[in-house]
Amino acid sequence: MINYRPIARVVSILLCIVGVMMWTGLPFSLYFGEDSRPLLLAGLTSIAMGGGLFLVKSPKGIPIRKREGYLIVALSWVAMTLSGMLPYLYSGMIPSVPEAIFETVSGMTTTGASVLTDIEAQPRGLLYWRSLTQWIGGMGIIVLTVAVFPLLGIGGIELFAAEAPGPTSDKLHPRISETAKRLWFIYVGLTGLLTVLLMLFGMSPYESINHALTTMATGGFSTRNASAAAFGPAIQYLLILFMFFAGVNYTVLYLSLKRRWAEVWKSDELKAYIGLVVLLTLIVTAKVYYATGGADFEQAFRDSLFQIVSLITTTGFVSADYTSWSTSLTLIFFVLLFLGACAGSTSGGIKLIRHLVFFKNSYLEFKRIIHPSAIVPLRVNRDVVPGKIITHVFNFLLLYLLLFVLGSVILAMMGLDFMTSIGAMATCIGNVGPGIGSVGPVDNFAWLPAHIKLFLSFVMIVGRLEIFTVLVLFTPYFWRLN
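Numbers 1 to 482, taken from this note's numbering, label the letters of the sequence shown in order.
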């Protein structure tokens with residue numbers, strides 16, 4: 001039987017945290033002479049909702065089992081969406097509930113798709129909150145709460161497994177709360193470092209904070225209508241570097257800080273990540289350079305590298321309209337919407353480790369055909385991958401593909417054209433941001449009808465929580481008493 005008391009307790013803590021984090025935008029509203037009441041009232045509302053749930057009594061020492069863990073994750077994202085959209089509604093910045101839900105879900109899931117047509121005209125305090133929603137969702141606010149679970153008398157291992165990005169969550173420390181603290185230490189540290197570097201490179205302090213938040217979250221919200229194209233080459237190269245860092249497994253980043261290089265280079269996924277970025281950059285740069293008549297090699301290289309890293313890491317920043325380059329390059333960038341960076345990073349998408357397992361196992365299948373009696377194990381990072389993991393990966397890939405096809409058909413039935421349907425579905429389930437068709441890198445989602453925005457909001461949450469976490473709630477097995 002599902003125990004709802006610890007669920008209410010955890011969701012209440014999350015709502016209070018979100019409410020307090022809203023108030024961090026008040027200094028910006030006051031400094032720029034804007035109305036600070038929307039953020040103030042939204043924070044109070046969120047804390048009041050959390051306080052009401054916190055009154056539900058829960059004895060100490062109650063473990064969170066798998067069912068409670070998955071329910072907490074799903075309900076937390078619903079609660080954070082309902083709370084996170086309040087500043088938009090209270091201020092009138094986004095007066096429509098479906099659009100406010102879409103913008104909030106896009107932020108919390110680090111997708112980066114937006115319904116705002118003139119970003120630079122919006123209040124700066126609210127734009128900061130918009131960026132902060134991506135930073136909150138980047139690592140997952142659930143992981144932050146896991147770090148304080150000992151204070152609540154609740155165990156957090158099942159919750160961490162449900163929320164942590166990627167098919168695996170390598171532990172940096174035997175205690176799950178210590179792991180969460182170390183992850184957030186790296187996350188906060190890199191965000192602070194990028195903020196300082198952006199200011200040194202000429203970006204204003206306000207914009208530096210916003211872009212650091214959304215870069216490390218691999219989110220892609222910007223304070224400029226032109227996104228990263230509004231800034232010079234030096235800033236774009238800096239964003240490329242930190243987007244790349246944000247796409248690396250945080251365990252690998254931790255090992256790098258400890259200078260344990262042998263363990264770092266043991267990662268097959270990291271090697272594939274670096275190799276893929278290098279290979280694609282060479283191909284796309286050559287194509288763009290010759291397509292423009294060899295006018296500016298540095299520009300072709302920078303635009304190609306920027307868009308490749310931005311899409312692979314699912315950040316979604318835009319420095320150029322890649323759909324205008326050529327049909328073949330548009331197809332390449334469309335495929336990138338399905339990749340994702342490393343597991344254990346803040347990026348969305350399928351994740352490279354799953355692709356590695358799939359291609360390695362498919363290659364070994366030829367050997368098994370020639371030697372049917374031989375035992376040919378699949379190895380990743382020199383370790384044998386259990387059959388259960390291989391089955392899970394194949395099931396995930398098939399389900400991901402089926403959801404993409406089904407969602408694209410649904411969008412087409414709702415009235416979207418073919419290119420826009422597949423582009424919107426691919427970018428939302430992969431939490432990327434820009435797609436193809438009428439939701440390309442220079443477009444936004446403001447023109448979509450309300451029911452399509454709500455459908456895509458659900459798709460973004462399914463993609464962010466890696467499909468199974470959400471869809472398991474719709475199975476009869478989950479709700480059975482035994």
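Using N, Cα and C, we set each Cβ at its ideal position, and we do this for glycine too.
Mind reading off the beta-carbon distance from residue i to residue j? Whole number of angstroms is fine, and I expect it under 8 Å.
{"i": "V432", "j": "T195", "result": "Their Cβ separation, rounded to whole angstroms, is 24 Å, which puts V432 and T195 out of contact at 8 Å."}
{"i": "N249", "j": "E269", "result": "7 Å"}
{"i": "Y128", "j": "G25", "result": "5 Å"}
{"i": "L397", "j": "Y273", "result": "The Cβ separation is near 18 Å, so there is no contact."}
{"i": "A483", "j": "S96", "result": "The chain is shown only over 1 to 482; residue 483 falls outside these bounds and no answer can be derived."}
{"i": "F484", "j": "I240", "result": "Because the chain in this structure spans residues 1 to 482, residue 484 falls outside the shown range and cannot be described."}
{"i": "V462", "j": "L471", "result": "7 Å"}
{"i": "K485", "j": "N381", "result": "In the structure as shown, the chain begins at 1 and stops at 482. Residue 485 is therefore absent and cannot be evaluated."}
{"i": "T475", "j": "Y70", "result": "About 11 Å separates the two Cβ atoms, so there is no contact after all."}
Looking only at C-alpha atoms, which of the options sits nearest to residue i?
{"i": "A412", "options": "S362, L397, I452 and G316", "result": "I452"}
{"i": "V36", "options": "A8, Y90 and V188", "result": "First, the residue type needs correcting, since residue 36 is Ser and not Val in the sequence shown. Out of A8, Y90 and V188, Y90 has the C-alpha closest to the C-alpha of S36."}
{"i": "I308", "options": "N3, V277 and Q299", "result": "V277"}
{"i": "F334", "options": "F404, S83 and F102", "result": "F404"}
{"i": "Q299", "options": "L190, V20 and A286", "result": "A286"}
{"i": "G52", "options": "L15, R224, L352 and I467", "result": "L15"}
{"i": "F478", "options": "F54, R65, H392 and V288", "result": "R65"}
{"i": "N395", "options": "N225, T109, I467 and L336", "result": "I467"}
{"i": "L465", "options": "G430, Y289 and L55", "result": "G430"}
{"i": "S131", "options": "T179, A79, Y206 and A42", "result": "Y206"}
{"i": "I13", "options": "R67, L402, S46 and P434", "result": "S46"}
{"i": "I389", "options": "L406, L401 and N361", "result": "N361"}
{"i": "P38", "options": "F297, T104, L86 and H392", "result": "L86"}
{"i": "L541", "options": "P386, P476 and G349", "result": "Residue 541 is absent from the structure shown; the chain starts at 1 and stops at 482."}
{"i": "T391", "options": "S304, N381 and R354", "result": "R354"}
{"i": "I422", "options": "Y363, L331 and A446", "result": "L331"}
{"i": "S208", "options": "S319, I235 and V188", "result": "I235"}
{"i": "M22", "options": "Y88, V11 and F359", "result": "Y88"}
{"i": "S347", "options": "L190, F245, Q122 and F474", "result": "F245"}
{"i": "T327", "options": "M419, R382, V380 and K271", "result": "M419"}
{"i": "V288", "options": "F54, A320, T475 and L257", "result": "A320"}
{"i": "G247", "options": "T104, V472, L311 and L255", "result": "L311"}
{"i": "G92", "options": "R67, P123, M80 and V252", "result": "P123"}
{"i": "R182", "options": "L255, G137 and R224", "result": "L255"}
{"i": "E120", "options": "M49, A42, V188 and N210", "result": "N210"}
{"i": "V10", "options": "L44, L41, L40 and M49", "result": "M49"}
Would residue i and residue j qualify as a contact pair, given that the criterion is a beta-carbon distance under 8 Å?
{"i": "A100", "j": "S106", "result": "no"}
{"i": "L193", "j": "L238", "result": "no"}
{"i": "M243", "j": "T313", "result": "yes"}
{"i": "T323", "j": "I186", "result": "no"}
{"i": "V115", "j": "N444", "result": "yes"}
{"i": "W325", "j": "A291", "result": "yes"}
{"i": "V357", "j": "L378", "result": "yes"}
{"i": "F338", "j": "S222", "result": "no"}
{"i": "G407", "j": "V439", "result": "no"}
{"i": "A8", "j": "V56", "result": "yes"}
{"i": "L448", "j": "C428", "result": "no"}
{"i": "G219", "j": "T315", "result": "yes"}
{"i": "L416", "j": "P98", "result": "no"}
{"i": "T133", "j": "T179", "result": "no"}
Given a threshold of 16 other Cβ atoms within 10 Å of its Cβ, counted over all protein chains shown, does residue i qualify as buried or as exposed?
{"i": "P441", "result": "buried"}
{"i": "R480", "result": "exposed"}
{"i": "G372", "result": "It should be noted that the sequence gives Pro, not Gly, for residue 372. P372 comes out exposed."}
{"i": "P150", "result": "Here P150 scores only 46 on pLDDT, less than 50, and its place in the model is too uncertain to base an answer on."}
{"i": "W261", "result": "exposed"}
{"i": "D118", "result": "exposed"}
{"i": "S204", "result": "exposed"}
{"i": "T109", "result": "buried"}
{"i": "P434", "result": "buried"}
{"i": "W135", "result": "buried"}
{"i": "M139", "result": "buried"}
{"i": "L159", "result": "Note that L159 scores 48 on pLDDT, short of 50, meaning its location in the model is unreliable; the coordinates nonetheless yield the value given after this. Under this definition L159 is a buried residue."}
{"i": "F102", "result": "buried"}
{"i": "M414", "result": "exposed"}
{"i": "G387", "result": "exposed"}
{"i": "I154", "result": "Unreliable placement is indicated for I154, whose pLDDT of 43 sits below 50; the coordinate value is still reported in the next sentence. I154 is buried by the Cβ-count criterion."}
{"i": "P6", "result": "buried"}
{"i": "G137", "result": "buried"}
{"i": "D303", "result": "buried"}
{"i": "A374", "result": "exposed"}
May I ask you to check if the CB of residue i is nearer than 7 Å to at least one heavy atom of the ligand COA?
{"i": "T285", "result": "You won't find the ligand COA in this model; it holds no ligand whatsoever."}
Item to check | Cβ contact (3+ pairs, closer than 8 Å) linking the stretch 212-223 and the stretch 277-289 | outcome: no
Checklist entry - Taking contact to mean at least 3 C-beta pairs separated by less than 8 Å, is the stretch 22-36 in contact with the stretch 71-80? => result no
Next on the checklist: If contact is defined by three or more beta carbon pairs under 8 Å, each pair taking one atom from either stretch, is the stretch 340-349 in contact with the stretch 357-375?
Outcome noted: no
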